[in-house]
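Take a look at the structure set out below.
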Amino acid sequence: KPLTLAEIEQIVELQLKLLRARLADRHIELVLTEAAKEHIAREGYDPVYGARPLKRFIQRNLETSLSRKLLAGEITDNSRVTVDVRKGELVFTTERIAKQTSAK
1 KPLTLAEIEQ
11 IVELQLKLLR
21 ARLADRHIEL
31 VLTEAAKEHI
41 AREGYDPVYG
51 ARPLKRFIQR
61 NLETSLSRKL
71 LAGEITDNSR
81 VTVDVRKGEL
91 VFTTERIAKQ
101 TSAK
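Numbering follows the numbering used here, with no gaps: position 64 of the sequence shown is 64.
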């Protein structure tokens, strides 16, 4: 039985949770709009292979773009990156956030 869009979006959220955990080391917050999550769910899902291609889609379209922006200095530590969709493509907006201090 094919997965529903809601089930696919849950799988997307699990994959994003792993990515967010890696970015948290650099105090980078990753926020995806509902449109971006839906885009990833629709584009990364294959009725034949199910949700398996989702991970590759996220790596290719989200992680690679984030990595390139980090290397180029477009994304720095202590940033919030918002991902949205425009004209069928993922678009990234970066803003600096206040450095978090740990309470003692």
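All C-beta atoms in this analysis are idealised placements derived from N, C-alpha and C, irrespective of residue type, glycine included. None of the values given here were measured: they were computed from a predicted structure.
Residue environment, residue i, which counts as buried when at least 16 other CB atoms sit within 10 Å
i   : result
R96 : exposed
S67 : exposed
G44 : buried
Q10 : exposed
L54 : buried
L16 : buried
L14 : exposed
Bridge-paired residues (DSSP) for residue i
i   : result
V31 : T82
Beta carbon of residue i nearer than 9 Å to that of residue j
i   : j   : result
V81 : V31 : yes
D77 : I28 : yes
Supposed close pair residue i, residue j - CB separation, criterion 8 Å
i   : j   : result
F57 : I75 : With 8 Å as the limit, F57 and I75 do not qualify as a contact, their Cβ atoms being about 20 Å apart.
*Between the stretch 81 to 91 and the stretch 26 to 39, are three or more C-beta pairs nearer than 8 Å?*
yes
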